[in-house]
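Its first residue numbered 51, the first sequence is counted upward by one per residue in the numbering used here. Just so you know, even glycine gets a beta-carbon here, dropped at the ideal spot from N, CA and C. See structure below.
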Amino acid sequence: MLEKTYNPKDFEEDIYKSWENSGDFKPNMRKDRDAFSIVIPPPNVTGYLHMGHALNYTLQDILIRYNRMLGKNVLWQMGTDHAGIATQMVVERNLALEGLSRHDFTREEFVNKVWEWKAHSGGVITKQLRRLGCSVDWGRERFTMDEGLSRAVRKIFVAMYKEGLIYKDKRLVNWDSKFQTAVSDLEVIQKETVGKMYYYNYPIEGSDKEYVQIATTRPETMFGDTAVAIHPENEKLKHLIGKNAVLPIINKPIPIIADEHADPEKGTGAVKITPAHDFNDFEVGKRHNLPMVNILNFDGTLNENTPFDGMDTQNARVKTIDELTSLGLMVKVEDNPMVIPYGDRSGVVIEPMLTDQWFADAPKMAVKAIEEVENGDMEFIPKNYEKTYFEWMRNIQPWCISRQLWWGHQVPIWYGPDGKVFCEENEEEAQLAAGKDVKLTRDTDVLDTWFSSGLWAFSTLGWPDKSEFLDVFYPTSVLVTGFDIIFFWVARMMMMSMYAMKKVPFAKTYIHGLVRDEKGQKMSKSKGNTVDPMEIVEKYGADALRFFMAAMETQGRDINISESRIQGYRNFATKLWNAARFCEMNECGFSSNFDENKVTLPVNKWIVAKVKEAAKDVTDNLNNYRFSDSANSVYQFVWGSFCDWYIEMTKPVFYGDNEEEKAETRATAAWVLDRILVILHPFMPFVTTELWDNIAKRDGKLITAGWPKTEKVDVNALNDIDWMIELITSIRSLRAEMNLPAGAKLAAYLKGADSKSLKNMKAFETIICSLARLEKIEVFSGEVSKDMVQDVFKEATILIPLAGVVDFAAEKERLMKELAALDKNLEGYARKLENPGFVDKAPAAVVEEEKRRQAEALENKAKVVEALKRVENF
RNA sequence: GGGUGUGUAGCUCAGGGGUAGAGCACUACGUUGACAUCGUAGGGGUCACAAGUUCGAAACUUGUCAUACCCACCA
């Protein structure tokens, strides 16, 4: 027996446990079945579920459950990410609470502390995934720092190094002075701010009157200047080229050089060149072989190459301006709108810094990754994201893969005493390569987190070992992820997979939007507008949240969270629950030998056709990754057709005494409910399973129940009942308009009718009276006298002439209008198709489409003509 | 500077060359034997603006305005 009220909390967690315990999430590994696989975008191991996850994982679970029900061999590969910077940051923050820093420990001790933290706070997110209903294969859960994945990382690194795809280089990189590490371009965010532009003079060597005026937003970097550049064709200033300017304060002469980088239109026309601290200047410096003077310490303070050793940049800037002013060299200061780079994690200003780093040759690796998208082997959904992908991939820069952190995969590089490099998968092999007496020291850098994530699609399946899973499930079927991660992850997986596997990591990439707050604002902790998915689950159930996500997911659009809407979908689950209770009360038991194609009652034929229609819609839309359309199809069918009409129409049958009709209707209702549970299961796995298990005992489990095949819909079965629904709606409408008192006895009569309406009316009399709440309905054909009518309806207080209910005159007018419109269309199609210019020059597909439309219009016209005939009889 | 979206009911958004849609909110009525987490009926829109294509445009094209985001640069 079902509980009287739907309460998801009563069963959701238990159902999940039963799935997990009975191995329902494991692939069936049947060789005769197609494989379907998804690798989960790994959440941070110590993270918490946010709304973006809830959307991302819900969509994947829908696809996984759908394909599992199709009978495929399905794998949803689970795993978590070590999230280098993010995790190290959290652990360092905790240490800071005790007044400690990571430098109070050895590297090994610190890394152990991180593992402890993982053991302590990891696993929260995996619990949350369970709560959401994600049917991942837990037995295969991986972690980017586990032994197997670490081995994969080392193997790839060594191979790439030996092929020259990984190299060490002294270059300017984005330096995060908080974490004291290099970061990649993608980890730098540009923020608009109003800063200051400082104009001041550098004296010319050997002259007390001549100056070169320069403009800068960062005067404190002047101590790293090694030249002043002037455009060779700058008429005003080119006479200075070849002379030396003197850096004030430190009185250091630097050459004035000719370089086209110095735009005569911008600033003062003369540019101070600081090769060690500016990306453009770095290039200029290389062109002119300028010395590169580093003026910063790793912690972002100025170093001994400046007069302000140990001072931070802000104070150094003030000091520099003070000194320039007292030397009489300051010209002016202006407000200047500018963009300043910040570290996305640390929030501190990022400084370009000249350091030795490891780089991957992304431009070279991108070639194949681009090709595979061009030739369609990897397809973006929606398609327009491939433009974003191409744009970035075609302009890709070498990828700085080294980080000066402690938490992460240490690069497999060892140095001999002479600095000779040995790149091997482990220390023994490095030692072997170096010779056993050579003392080796290991490079202290670790790899960018995204380096290991880049291997995710194959490393989780067992690479580099031989593995059945790799054979069966690679390439994976689809990657589901947010657009913000295309560069970080999708692009890197494409590059790494093409390198290691020579095959794309996934055949498709489905890109979804961001989850925003109610007003469309980005959710962020600092704004305080985040909504915790677990609170929503607690309040409305996981099914409601999942259905919300699916129903709101339209390709390429962000989702605004809306609690009232989630509540609406909870109500939907309640509605289904109660419909199931209705079935239960009326003893609608599932019977395995029921044949839905043999039902006889029009109502039952109708609902069977409706189910097929809905199932087809859901299937087609899921196949095309149209989540909202597919969710809305089920929703409308369940509420609008099954609950609002079918159940109501069965009541006269159930409360009547025709046992034969009752039996058929019971079986049909049970079958329909069964189908509903199946097609709704990917979206609302919990409530559907709870109902499936409780209402009728079957052999199979819902989670692996077969998905309905797409069948042809019996259109005739739809028409009769649709006719009746229209009639009932009209009567109800009229009743409301007439503002009748409650309990007024009503009767309706239909004056004159064609044989079909007559037959229908007879057949549906009980249903119509029940649903339109009529006392009686009668049909007269031919001439009707007032007496005849009043005699039949003597008990009724009010008579409704049905000819007035269905306004045949208006209906006729409407049909005539439609006919005229159709004729006009047909005229248009005919003209086009008879035009040789169109037929010969337009693409064949367009002509076909036009023909198809013409045929469709013809079909419609026939229908309209038919309808007109019917109406004209009245 | 380059690019990508979006503009439809009070709100949040689907749709898409042929009668303008959903959920929520709103109004009136209703506790009838699944359900008030409900039912029935209703009100509410120049589909941002302009021009073009078309028999027909809210949909296609171009432009304008508004808005969001991405990339690059800024001495």
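*Where residue 920 sits in the DSSP three-state scheme*: Caution is warranted here: a pLDDT of 49 is assigned to residue 920, below 50, making its placement in the model unreliable, and no coordinate value can be reported.
*Drop a sphere of 10 angstroms on the beta-carbon of residue 609, count the other beta-carbons inside from all chains shown, and report buried for 16 or more, exposed for fewer.*
The residue is buried, with at least 16 neighbouring Cβ atoms inside 10 Å.
*Could you please give the first and the last residue of the uninterrupted alpha helix (DSSP H) stretch that includes residue 22?*
Because residue 22 is not part of the residues shown, which for the chain are 51 to 924, the question remains open.
_Assigned exposure category for residue 37 - 16 Cβ within 10 Å defines buried_ = Residue numbering for the chain in the displayed model covers 51 to 924; residue 37 lies beyond these limits and cannot be assessed.
*Do you know offhand how far residue 516's Cα is from residue 522's?*
Looking at the two C-alpha atoms, the distance is approximately 12 Å.
*Mind checking residue 942: buried by the 16 CB within 10 Å criterion, or exposed?*
Since the first residue shown for the chain is 51 and the last is 924, residue 942 is missing from the structure and cannot be characterised.
_With H, G and I counted as helix, E and B as strand and the rest as coil, what does DSSP make of residue 143?_
The answer is helix: DSSP assigns residue 143 an H, G or I state.
*Output the boundary residues of the beta strand (DSSP E) element that contains residue 356.*
Segment: none, residue 356 is in no beta strand (DSSP E) and carries neither H nor E.
*asked:* Suppose the cutoff is 7 Å on Cβ atoms and the five residues either side in sequence are ignored; what does the same chain contact list for residue 443 look like?
replied: Here the set comprises 416, 419, 420, 541.
*Taking all protein chains shown into account, do 16 or more other C-beta atoms lie within 10 angstroms of the C-beta of residue 289, making it buried, or fewer, making it exposed?*
Residue 289 is exposed by the Cβ-count criterion.
*residue 499: which of 133, 88, 447, 52 sits nearest, CA to CA?*
Ranking the options by Cα distance to residue 499, first place goes to 133.
*Which residues does DSSP pair with residue 280 in a beta bridge?*
The partner list for residue 280 (beta bridge, DSSP) reads 308, 320.
*asked:* For residue 778 and residue 651, I'd like the C-alpha separation in whole angstroms.
replied: Going by the C-alpha atoms only, they are around 19 Å apart.
*Count the other CB atoms, across all protein chains shown, that sit within 10 Å of the CB of residue 654; report buried if there are 16 or more and exposed otherwise.*
The residue in question, residue 654, is buried, as its Cβ has 16 or more Cβ neighbours within 10 Å.
_Relative to the C-alpha of residue 120, which candidate in 281, 669, 826 has its C-alpha closest?_
Comparing Cα-Cα distances from residue 120 to each of 281, 669, 826, the minimum goes to 669.
*Can you grab the Cα-Cα spacing for the pair residue 858 / residue 815, in whole Å?*
Here residue 858 scores only 47 on pLDDT, less than 50, and its place in the model should not be relied on; the value that follows carries that caveat. Residue 858 and residue 815: Cα-Cα distance of roughly 21 Å.
*asked:* I'd like to confirm the pairing. Which residues does DSSP put opposite residue 452 in its beta bridges?
replied: Its beta-bridge partners are 497.
*Provide the residue span of the alpha helix (DSSP H) that contains residue 687, from first to last.*
For residue 687, there is no enclosing alpha helix (DSSP H), as DSSP gives it neither H nor E.
*If you draw a straight line from the alpha carbon of residue 748 to that of residue 601, how long is it in whole angstroms?*
Going from the Cα of residue 748 to the Cα of residue 601 covers about 30 Å.
*Do residue 439 and residue 423 come within 9 Å of each other at the CB atom, strictly closer than that value?*
With respect to the 9 Å criterion, residue 423 and residue 439 are classified as neighbours on the basis of their beta carbons.
*asked:* For residue 610, list the residues DSSP reports as bridge partners.
replied: As DSSP reads the structure, residue 610 sits in a beta bridge with 566.
*Reference residue 195, options 95, 227, 253, closest by Cα*: Among 95, 227, 253, the Cα nearest to that of residue 195 belongs to 95.
*Residue range of the unbroken alpha helix (DSSP H) whose run includes residue 228*: Where residue 228 is concerned, there is no enclosing alpha helix (DSSP H), because DSSP gives it neither an H nor an E.
*asked:* If contacts are defined as beta-carbon pairs under 8 Å, then residue 131 and residue 77 qualify, I think. What distance do you get, rounded to the angstrom?
replied: In this structure residue 131 is not in contact with residue 77, their Cβ atoms being roughly 23 Å apart against a cut-off of 8 Å.
*By the 10 Å Cβ neighbour count, where 16 or more other Cβ atoms means buried, how is residue 300 classified, buried or exposed?*
The residue in question, residue 300, is exposed, as its Cβ has fewer than 16 Cβ neighbours within 10 Å.
_Length-filtered (3 minimum) beta strand (DSSP E) runs lying within the segment 491-554_ = Correct list: 526-532.
*What residue from 323, 86, 126, 677 has the CA that sits closest to residue 432's CA?*
Ranking 323, 86, 126, 677 by Cα distance to residue 432 puts 677 first.
*Is residue 287 near the ligand GTP, in the sense that its beta carbon is under 8 Å from a heavy atom of that ligand?*
The ligand GTP is absent from the structure shown, which contains no ligand whatsoever.
*In or out: residue 165 buried (at least 16 other Cβ within 10 Å) or exposed?*
Residue 165 should be labelled exposed.
_Candidates 558, 616, 742, 445, of which the one nearest residue 634 by Cα_ = For residue 634, the nearest C-alpha among the options comes from 742.
*asked:* For a test of the three-state rule: what should DSSP assign to residue 719, helix, strand or coil?
replied: Residue state, collapsed to three classes: helix.
*Would you mind giving the Cβ-Cβ distance between residue 657 and residue 728, rounded to the nearest angstrom? I have them listed as a contact below 8 Å.*
Cβ-Cβ separation between residue 657 and residue 728: approximately 15 Å, too far for a contact (criterion under 8 Å).
*asked:* Which residue marks the beginning of the alpha helix (DSSP H) containing residue 742, and which one marks its end?
replied: Segment 735-745, the alpha helix (DSSP H) holding residue 742.
*Touch check for the segment 694-713 and the segment 557-569: three-plus C-beta pairs under 8 Å?*
The segment 694-713, when compared against the segment 557-569, does not touch it at the 8 Å Cβ threshold.
_According to DSSP, is residue 847 part of a helix, a strand, or is it coil?_
With a pLDDT of only 45 at residue 847, under the threshold of 50, the placement of this residue in the model should not be trusted; the figure read from the coordinates follows. Note: residue 847 maps to coil in three-state DSSP.
*asked:* Among 226, 73, 115, 90, whose alpha-carbon lies nearest the alpha-carbon of residue 139?
replied: Nearest C-alpha to residue 139: 226.
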